[in-house]
Amino acid sequence: MDKTQRDRTIGLLCLVVTAFGWALNWPLMKLLLQQWPPLFARGLAGTCAAVILGTLALARGRSLAVPREALPRLLFASFTNVGWALRPPKEPTFTRRVLLKRELGHAQGDRAA
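In numbering that gives the first Met the number 0, the protein residues as written are 0 to 112.
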């Protein structure tokens, strides 16, 4: 098997594994979120992933230390990925307004009954 054919085979295998993982993720998360709050579920998934990746890195003898020259880029990427979401919104988003209207409608309906 030549290099081009091998690369295509590996690429197709990665695509199949990714599609299979996503296909399983949706129904499993739907079931999981019926039992756990969303933030807990995502926090647990992140913690498990960090433990698994850390174990793999240490088993291969890789250092987990961030090189000093990469710290500014890491902090920037971290802030732009998560930090912007921590700021308070200026006004409720469309989805939040719809949910608030539904909550208020249910609350008013409960009082009338």
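By construction, the Cβ of each residue, glycine as well, lies at the ideal position given by its N, Cα and C atoms.
Whether Leu31 touches Ala40 by CB criterion (8 Å): Along the sequence shown, one-based indexing puts residue 31 at 32. Along the sequence shown, one-based indexing puts residue 40 at 41. Cβ distance < 8 Å, so Leu31 and Ala40 count as in contact.
Which stretch, first to last residue, makes up the alpha helix (DSSP H) that contains Met28? The residue you call residue 28 lines up with position 29 of the sequence shown. Here the alpha helix (DSSP H) through Met28 covers Lys2 to Gln34.
For Ala112, I'd like the list of residues in its chain whose CB is within less than 6 Å of its CB, leaving aside the five on either flank, ordered along the chain. Taking the first residue of the sequence shown as position 1, residue 112 is located at position 113. Summary for Ala112: the model assigns pLDDT 47, below 50, so the residue's position carries little reliability; its value from the coordinates is reported in the next sentence. Close CB contacts of Ala112 within its chain, under the 6 Å cut and outside five residues either way in sequence, are absent.
Helix, strand or coil at Ser77 [DSSP, three-state]: In the sequence shown, counting from the first residue as 1, residue 77 sits at position 78. In the structure shown, Ser77 sits in a helix (DSSP, three-state: H, G or I).
CB Val65 to CB Leu55, shorter than 8 Å? Counting from one through the sequence shown, the residue named residue 65 turns up at place 66. Counting from one through the sequence shown, the residue named residue 55 turns up at place 56. No.
How big is the Cα-Cα spacing for Asp1 and Thr8? Here residue 1 corresponds to residue number 2 of the sequence shown, with the count starting at 1. Here residue 8 corresponds to residue number 9 of the sequence shown, with the count starting at 1. Rounded to the nearest angstrom, the two C-alpha atoms are 11 Å apart.
Just curious, the alpha helix (DSSP H) that Val50 is in, first and last residue? Translated into the one-based positions of the sequence shown, residue 50 becomes position 51. For Val50, the enclosing alpha helix (DSSP H) begins and ends at Pro37 to Ala58.
Cut-off 8 Å between Cβ atoms - residues of its own chain near Trp35, not counting five sequence neighbours on either side: In the sequence shown, residue 35 corresponds to position 36, counting from 1. If the five residues before and after Trp35 are omitted, its C-beta is found closer than 8 Å to the C-beta atoms of Leu43, all from its own chain and listed in chain order.
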